[in-house]
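Residue numbers (the numbering used here): 2 to 291. All remarks here apply to the structure that follows.
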């Protein structure tokens, strides 16, 4: 397996996609670009083969990186095509339904998704060696001979749906721009502030707000809160769930280290403010006696 060749192939594919994939009329051409790259990748692997652990690396990391573009383009096209003409409120409901669908997909595949996020290796041979491949009920949307393992398609789908989620959230946020009655409208009309601390700390705060049900009487979803904070603090948090997994896997520090530090600082400031200060009478000149 020639990693240099594969790297150049991927860079070329992304370069070709960059100028056209967002244009609906270029949907077929975009799929053609990815399809061509996938066929070239297949031919390269068929001729060069693998050495040592390269097969696992290829089907766990490399093929999904290419393949996720194909899945994303199809799903993105379906989202755009499914949006009917209507009011901003109707569009908002539609995008919220799409986000719920994406969340349900991750929930239904929670075990493998955790494996993906945590970069586990314990089941790599079962998941990513062709000799262990057992055709699943769900057939991949793009197939080539002797080019599949048990989980490379699902890994590609995780990557595609994370990208799709960011696309839908961006579309959803746009429906709030002119609506001053919403939290998004209020934040977008306010002066921009910039979050200057670590991203994971803001994610920790967002999940605290979400789990406490503090927004819209607990009806706001985590992506609503994340989007509001991103808009308010001029920051992009990426896939928040990935960062939440980082938080949940902490071992050397508290799961709520930022919130703990906030609490400690608030208590310290209040304690200092309320600390007893003895009365010192002033002299007629207004100075304290020496």
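For glycine and all other residues, C-beta sits at the position ideal for the given N, C-alpha and C. Remember, it's a predicted structure, so these values are computed and weren't measured experimentally.
Reducing DSSP to helix, strand and coil, say where residue i ends up.
i: residue 22; result: coil
i: residue 85; result: coil
i: residue 271; result: helix
i: residue 176; result: coil
i: residue 235; result: coil
i: residue 15; result: helix
i: residue 77; result: helix
i: residue 150; result: coil
i: residue 97; result: helix
i: residue 251; result: coil
i: residue 123; result: coil
i: residue 70; result: helix
i: residue 200; result: helix
i: residue 171; result: helix
i: residue 160; result: helix
i: residue 219; result: helix
i: residue 65; result: helix
i: residue 4; result: helix
i: residue 137; result: coil
i: residue 110; result: coil
i: residue 256; result: coil
i: residue 41; result: helix
i: residue 155; result: helix
i: residue 165; result: helix
i: residue 194; result: coil
i: residue 230; result: helix
i: residue 52; result: coil
i: residue 130; result: coil
i: residue 214; result: coil
What's the gap between the Cα of residue i and the Cα of residue j?
i: residue 73; j: residue 50; result: 28 Å
i: residue 115; j: residue 109; result: 11 Å
i: residue 300; j: residue 207; result: In this structure the chain extends from 2 to 291, so residue 300 is not present and cannot be described.
i: residue 232; j: residue 226; result: 10 Å
i: residue 61; j: residue 54; result: 11 Å
i: residue 120; j: residue 204; result: 21 Å
i: residue 158; j: residue 26; result: 24 Å
i: residue 297; j: residue 156; result: Only positions 2 to 291 of the chain appear in this structure, which leaves residue 297 out of reach.
i: residue 260; j: residue 209; result: 8 Å
i: residue 135; j: residue 45; result: 24 Å
i: residue 324; j: residue 66; result: Residue coverage of the chain in this structure runs from 2 to 291, which leaves residue 324 outside it and unanswerable.
i: residue 8; j: residue 230; result: 36 Å
i: residue 196; j: residue 146; result: 49 Å
i: residue 127; j: residue 267; result: 50 Å
i: residue 117; j: residue 129; result: 12 Å
i: residue 221; j: residue 215; result: 8 Å
i: residue 113; j: residue 105; result: 14 Å
On the criterion of 16 or more Cβ atoms from any shown chain inside 10 Å, does residue i qualify as buried, or is it exposed?
i: residue 153; result: buried
i: residue 24; result: exposed
i: residue 174; result: buried
i: residue 63; result: buried
i: residue 68; result: buried
i: residue 211; result: buried
i: residue 218; result: exposed
i: residue 356; result: Nothing can be reported for residue 356: it is not among the residues displayed for the chain, which extend from 2 to 291.
i: residue 5; result: exposed
i: residue 31; result: buried
i: residue 254; result: exposed
i: residue 123; result: exposed
i: residue 21; result: exposed
Compare the C-beta of residue i against all C-beta atoms of chain B and say whether one is closer than 8 Å.
i: residue 273; result: Absent from the structure: chain B. Only one protein chain is present.
- the region 83-103 touching the region 31-49, judged by at least three CB pairs closer than 8 Å: no
- Can at least three beta-carbon pairs, one atom from the region 74-84 and one from the region 158-169, be found at a separation below 8 Å? yes
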